[in-house]
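**Student:** In this note's numbering, the protein residues as written are 17 to 411.
The beta-carbon is built from N, C-alpha and C at its ideal position, and this holds for glycine as well.
Predicted, not measured: the structure shown is a model, and the values here were computed from it.
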Amino acid sequence: MTTQTKNNILESLAGLISAHKQEIISENKKDIASVPNLDDSLLDRLKVDEIKVEGMVAAINQVLLLPDPQGKILSSYTHPNKMLVENRVVPFGNILIIYESRPDVTIEAAITAFKAGNKIILKGGKEARLSNLYLVKLWHEALKNNDADTSYVQYLDLPRDEVQKLIRNERGEKVDLIIPRGGEGLINYIKQNSTAPVIISGRGNNFLYVAEDADFDMATDIILNGKSRLSVCNALDKVLFNENIPNLDSKIKSVYDKLEAMGIEVLGDKATCNINENIKKITDDSIFAEEFLSAKILQSIVKDLDEAIAVINRYSGGHSASIVTSDLDKATKFQNEVDCAAVYHNASTRFTDGGEFGFGAEIAISTQKLHFRGPLGLGELVTNKWFISGTGQIR
17 MTTQTKNNIL
27 ESLAGLISAH
37 KQEIISENKK
47 DIASVPNLDD
57 SLLDRLKVDE
67 IKVEGMVAAI
77 NQVLLLPDPQ
87 GKILSSYTHP
97 NKMLVENRVV
107 PFGNILIIYE
117 SRPDVTIEAA
127 ITAFKAGNKI
137 ILKGGKEARL
147 SNLYLVKLWH
157 EALKNNDADT
167 SYVQYLDLPR
177 DEVQKLIRNE
187 RGEKVDLIIP
197 RGGEGLINYI
207 KQNSTAPVII
217 SGRGNNFLYV
227 AEDADFDMAT
237 DIILNGKSRL
247 SVCNALDKVL
257 FNENIPNLDS
267 KIKSVYDKLE
277 AMGIEVLGDK
287 ATCNINENIK
297 KITDDSIFAE
307 EFLSAKILQS
317 IVKDLDEAIA
327 VINRYSGGHS
337 ASIVTSDLDK
347 ATKFQNEVDC
357 AAVYHNASTR
367 FTDGGEFGFG
377 AEIAISTQKL
387 HFRGPLGLGE
397 LVTNKWFISG
407 TGQIR
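(1) In whole angstroms, what separates the C-alpha of Ser310 from that of Val121?
(2) Can you name the start and end residues of the beta strand (DSSP E) that Thr399 belongs to?
(3) According to the neighbour-count rule (16 or more other Cβ atoms, all chains shown, within 10 Å of its Cβ), is Pro85 buried or exposed?
(4) Please report how far the alpha carbon of Glu102 lies from the alpha carbon of Tyr168, in whole angstroms.
(5) Along the chain, where does the alpha helix (DSSP H) that runs through Ile215 open and close?
(6) Whole angstroms are fine: how far does the CA of Tyr93 sit from the CA of Glu323?
(7) Thinking Lys37 and Val69 are a contact (beta carbons under 8 Å), I'd like their distance in whole angstroms, please.
(8) Nearest CA to the CA of Ser336: which residue from Thr348, Ala357, Asp343?
(9) Please determine, among Val179, Leu314, Val73, the residue with the shortest C-alpha to C-alpha distance to Gly371.
(10) So, does the region 258 to 266 touch the region 360 to 379, judging by three or more C-beta pairs under 8 Å?
(11) Please state the DSSP three-state secondary structure of Asn258.
(12) Report the partner residues of Lys296 according to the DSSP bridge assignment.
(13) Please work out which residues of its chain come closer than 7 Å, Cβ to Cβ, to Cys249, disregarding the five sequence neighbours upstream and downstream, and give them in chain order.
(14) How long is the line joining the alpha carbons of Glu43 and Trp155, rounded to whole angstroms?
(15) Pairing CB atoms from the region 385 to 398 with CB atoms from the region 125 to 145, are three or more of them under 8 Å?
(16) How many whole angstroms separate the CB atoms of Val354 and Ile328, which I take to be in contact at a CB cut-off of 8 Å?
(17) At which residue ranges does the region 116 to 191 contain complete alpha helix (DSSP H) runs of 4 or more residues, listed in the order of the chain?
(18) At a cut of 8 Å, does the region 196 to 213 reach the region 225 to 240 through at least three beta carbon pairs?
(19) Is DSSP giving Ala49 helix, strand or coil here?
(20) Could you pull out every unbroken alpha helix (DSSP H) segment of at least 4 residues lying fully inside the region 341 to 388, listed in chain order?
(21) What three-state label does DSSP hand Ser316 in the structure shown?
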């Protein structure tokens, strides 16, 4: 499929989504009504409103402007025997995306894989079934409008046992890559049973370290922004304060008041609770490893940068971590030694996102080191292949 054909399909998809905005929202309302006892976090992930529909269209329009990686020559070498040896970018092939709750993944993840030249197999959660089926219907219309095979985007409206057979390669359908986006149970099952390569779109559990020389107003803004959405993997869960921050007692109390006003429950270690008795004391350190995805945040006091780095590397999900400091050497040490996919200096972890990083949308945010790390866009949803041209050379 040529780049122009891909772009024509994406333009058609954007137009269809805009034209059928109300139908998308209507199907999503049916999904929401069918799920009992929705908590705020799940509702945030499941709900599709006008803003989310506009976000889908904006993501498509941004991906349209990005260069197509397919066919790019990575290296070219002329052998002494005159053979031409080229290493080129090629698609993975069939990418299976298994995801929970978020209907926008049906568009935003799939457009990224599609423009990179892949065929996409989608399996969303049953709680978003109607929303997903309607969005895939629009995908198929866009493909048909451009004389393209609808098999480029498939939706698995299958029971769990059949999906498990597909993961175990027991259905005879070829899958070249699996990307699970969901809870640890889903991820662990796929890791243990898949015969295809797996890219883990891992959990968040992101940390912020506030150094002794930090601009504390800046740090406060970053903390509050980190809890501006609760259900996303780039939300902030843990804040580490250096024990030598001037007027630390009053500053921790100030942050507590602002978080409480937002409805955020503040947890703390013994040292933090000694400063503010309103902070809920944790019972053991295992909570440092927990991703909250809810209106909770944990505060702790550390003695120095080295301890902060050690705590983050022990407990974080390997997603994102940030430092607030005016000392560039400290920031450089932090960013080099913290083992996360995205490391920030004086900025919010909420920016770990494909759109915010300039490539429109993402298929996932990888917390593993192979094949790529962090938000996965067009340039990461490909592999390579060697093309050798000769005139009858033998070795």
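**Tutor:** Result, derived from the coordinates:
(1) Near 21 Å, if we compare the C-alpha coordinates of Val121 and Ser310.
(2) 398 to 405 is the extent of the beta strand (DSSP E) around Thr399.
(3) Result: buried.
(4) Using only the alpha carbons, I get a separation of about 27 Å.
(5) Note, Ile215: premise wrong, no alpha helix (DSSP H); not H, not E.
(6) Rounded to whole angstroms, the gap between the alpha carbons of Glu323 and Tyr93 is 48 Å.
(7) Between Lys37 and Val69, the beta carbon gap of about 5 Å places them in contact (Cβ cut-off 8 Å).
(8) Minimum Cα distance to Ser336 is reached at Ala357.
(9) Cα-wise, what sits closest to Gly371 is Val73.
(10) No: the two stretches stay apart, fewer than three of their Cβ pairs being nearer than 8 Å.
(11) Of the three classes helix, strand and coil, the one that applies to Asn258 here is strand, per DSSP.
(12) Listed as beta-bridge partners of Lys296 by DSSP are Leu283.
(13) Residues of the same chain with a CB within less than 7 Å of the CB of Cys249, apart from the 5 flanking positions on each side, are Arg219, Gly220, His335, Ile381 in chain order.
(14) Separation of Glu43 and Trp155 (C-alpha to C-alpha, rounded to the nearest whole angstrom) is 16 Å.
(15) Yes: at least three Cβ pairs fall under 8 Å.
(16) Confirmed, about 5 Å.
(17) Qualifying alpha helix (DSSP H) stretches, in chain order: 121 to 131, 145 to 161, 176 to 183.
(18) The region 196 to 213 makes no contact with the region 225 to 240; the number of CB pairs closer than 8 Å stays below 3.
(19) DSSP places Ala49 in helix when its eight states are reduced to three.
(20) For the region 341 to 388, whole alpha helix (DSSP H) runs of length 4 or above, ordered along the chain, are 344 to 353.
(21) Ser316: strand per DSSP, three-state reduction.
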